[in-house]
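Heads up, the thing below is written out as structure tokens.
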Amino acid sequence: MHPASLTPVDLLAQTRESRTRRSGPGGQHRNKVETAVILVHLPTGISAEASERRSLAENRRVALQRLRLRLALQHRSPAAYDGPSALWRSRLRGRLLAVAGDHDDYPTLIAEALDRLQAVGFDMSRAATTLLVSPTQLAGLFRKQRAAWTALAALRARIGLPALK
Numbered sequence: 003m004h005p006a007s008l009t010p011v012d013l014l015a016q017t018r019e020s021r022t023r024r025s026g027p028g029g030q031h032r033n034k035v036e037t038a039v040i041l042v043h044l045p046t047g048i049s050a051e052a053s054e055r056r057s058l059a060e061n062r063r064v065a066l067q068r069l070r071l072r073l074a075l076q077h078r079s080p081a082a083y084d085g086p087s088a089l090w091r092s093r094l095r096g097r098l099l100a101v102a103g104d105h106d107d108y109p110t111l112i113a114e115a116l117d118r119l120q121a122v123g124f125d126m127s128r129a130a131t132t133l134l135v136s137p138t139q140l141a142g143l144f145r146k147q148r149a150a151w152t153a154l155a156a157l158r159a160r161i162g163l164p165a166l167k
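For the sequence shown, position 145 matches number 147 in this note's numbering, and the numbering has no gaps at all.
Below, the structure is given as structure tokens:
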């Protein structure tokens, strides 16, 4: 199971949380209170932080969301492939994949797509076929978040493939 697909409770159990202060809007309260949250996923060393909100709980939620996306983009978990996951299938509307870039399911779907792409040498057409979507839908999934689109471009460039349009 990819770490990006873990429940928040299970993922937090695998992280180290630290708090710190950050400067910025919010005045004296923000400058005196440690509301910035830094989460480090211990098995992989991948980290994420959030400090833009005054609330510790809000910053923890945002940092966890960012950590899930970074895990999806940076950590590959090759496994035997038995077709799209139940989550992937639940998001299909025909050959359309319905998910917003800020939805909790997005990192899990990106992780599954990247694992599949890596398994087929980043051939968008082959990966899309095995994931039951069109290549355009697969590319569209990555376009929903700039970080995902940039990561896909970097991975393709690393093996000498051209950038997608």
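Even glycine gets a Cβ: it sits at the ideal position worked out from N, Cα and C. Remember, predicted model here, so these are calculated numbers, not experimental data.
{"Check": "Where do the N-terminal and C-terminal ends of the beta strand (DSSP E) with A50 fall, by residue?", "Outcome": "49–52"}
{"Check": "At which residues does the beta strand (DSSP E) containing I40 begin and terminate?", "Outcome": "38–43"}
{"Check": "Locate the alpha helix (DSSP H) running through R63, then write down its first and last residues.", "Outcome": "58–76"}
{"Check": "The alpha helix (DSSP H) with S92 in it runs from where to where?", "Outcome": "88–93"}
{"Check": "Just tell me which of R145, E19, V42 has its CA closest to the CA of G103.", "Outcome": "R145"}
{"Check": "Between the region 82–99 and the region 45–55, can you find at least three pairs of beta-carbon atoms closer than 8 Å?", "Outcome": "no"}
{"Check": "Where does the unbroken beta strand (DSSP E) through S20 begin, and where does it stop?", "Outcome": "17–22"}
{"Check": "Kindly list the residues whose CB is nearer than 6 Å to the CB of S7, restricted to its own chain and excluding five residues on each side of it in sequence; keep chain order.", "Outcome": "T110"}
{"Check": "Any beta carbon from chain B within less than 8 Å of S79's own beta carbon?", "Outcome": "The displayed structure is made up of one protein chain only, and chain B is not part of it."}
{"Check": "Would you mind giving the Cβ-Cβ distance between L58 and T37, rounded to the nearest angstrom? I have them listed as a contact below 8 Å.", "Outcome": "5 Å"}
{"Check": "For L66, which of T46, V11, A153, A141 has the nearest alpha-carbon?", "Outcome": "V11"}
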